[in-house]
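Okay, so here's the structure we're looking at.
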Amino acid sequence: MSAPLIDVSDIRHRYGDRTVLSLPGWTLEKGQHSLLLGPSGSGKSTLLNILTGLITPSEGRVMVDGVCISTLPPARRDQARGQLFGIVFQNIRLISALTVRQNLRLARSLAKRSADEKLLEDLIQGLGIAHRADAKPRALSQGEAQRAAIARAAAQNAPILIADEPTSALDRGNAERAIDLLMTVADRTGATLIVATHDDRIRSRFSHVLDLGDTDMTTDPSDDRSSGDIS
Ligand SMILES: Nc1ncnc2c1ncn2[C@@H]1O[C@H](COP(=O)(O)OP(=O)(O)OP(=O)(O)O)[C@@H](O)[C@H]1O
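Just so we're aligned, residue 1 is where the sequence shown starts under UniProt numbering, counting upward by one.
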């Protein structure tokens, strides 16, 4: 059997003497979809930042596609992040001076992928934003901007697609649609999908859930209670 795409072992993260994340183990296979669930402050962003190499865990190891990202030199780490992860940010972050299509092209080129107008067109069509492809972000509705952000992350063709709180501002119907889109796009590119959220409404959509809310954090770093309920 091949190694998991993501392999987290025994990580803890502390800010000062306060442990905010303690996770004995978490693995994700290629193409698997996972929900990272937990209330505000439970450590979701901390875990995503560790996964993507933006912060180094106080203890433990994270392997992504066979690479221990936190031990790479900074320039290699940035490059690995761009190639391994497509990220849909909560606050969308499209570049306002560029059209939707230009945003997708730029994301692809920053991820060092060769130009692929056909893939971009497929994503634009598939996400229902063809009529807005040449519009600037400020002219988009919230829903269109969100779909453009999903298209941009998918345009990178990264093996891992991360969405940070993609549904928190949406009603139930639109939340379901956003999850459908993310799953469809991830399946189309063969990507592993990680959705981080406090939105319990979408729990049933995922067979693999890492619940950071079942955690009782400790300020004692020597305490080795495990946390993170994987169902
Ligand atoms: N740079 C930092 N310095 C000190 N404490 C921090 C720092 N970043 C986060 N924390 C604390 O760590 C805990 C986990 O924060 P984190 O942002 O990972 O949670 P979260 O689950 O993503 O929350 P939210 O859903 O509100 O974004 C929180 O108590 C937070 O206040």
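Backbone N, C-alpha and C define an ideal beta-carbon position, used for all residues, glycine too.
Looking at the backbone, the Cα of Leu36 and that of Asp78 are separated by about 23 angstroms. Looking at the backbone, the Cα of Ala107 and that of Val88 are separated by about 12 angstroms. Under DSSP, Arg12 shares a beta bridge with Ser22, Glu59. Secondary structure note for Leu35: its beta strand (DSSP E) is the uninterrupted segment 33-37. Counting only residues of its own chain and dropping the five nearest sequence neighbours on each side, Ile92 has a CB closer than 7 angstroms to the CB of Ala145, Gln146, Ala149.
With a cut-off of 7 angstroms, the C-beta of Ser42 is classified as near ligand 1, since at least one heavy atom of the ligand falls inside that distance.
Proximity of the beta carbon of Val88 to ligand 1 is not indicated: no heavy atom of the ligand is located closer than 7 angstroms. Straight-line spacing of the CA atoms in Arg101 and Arg18 works out to 44 angstroms. Rounded to the nearest whole angstrom, the CA to CA distance from Arg203 to Val209 is 7 angstroms.
A direct Cα-Cα distance of roughly 13 angstroms separates Ser207 from Thr192. Gly86 is not a Cβ neighbour of Leu72, given a cutoff of 8 angstroms. When the five nearest sequence neighbours on each side are left out, the beta carbons in the same chain lying within less than 7 angstroms of the beta carbon of Gly143 are those of Asn174, in order along the chain.
Relative to ligand 1, the beta carbon of Ser45 is positioned inside 7 angstroms of a heavy atom.
Looking at the DSSP output, Ala149 shares a beta bridge with no other residue. Sequence-distant partners of Ala169 (beyond 5 residues in either direction) whose C-beta falls short of 8 angstroms from its own C-beta, in its chain, are Gln142. Ranked by Cα distance from Asp200, the options Gly213, Gly190, Arg188, Thr189 are led by Gly213. Straight across, the Cα-Cα distance linking Pro137 with Ser45 is about 25 angstroms.
Contact between Thr167 and Thr189 is absent: CB atoms are separated by about 21 angstroms, not below the 8 angstroms threshold.
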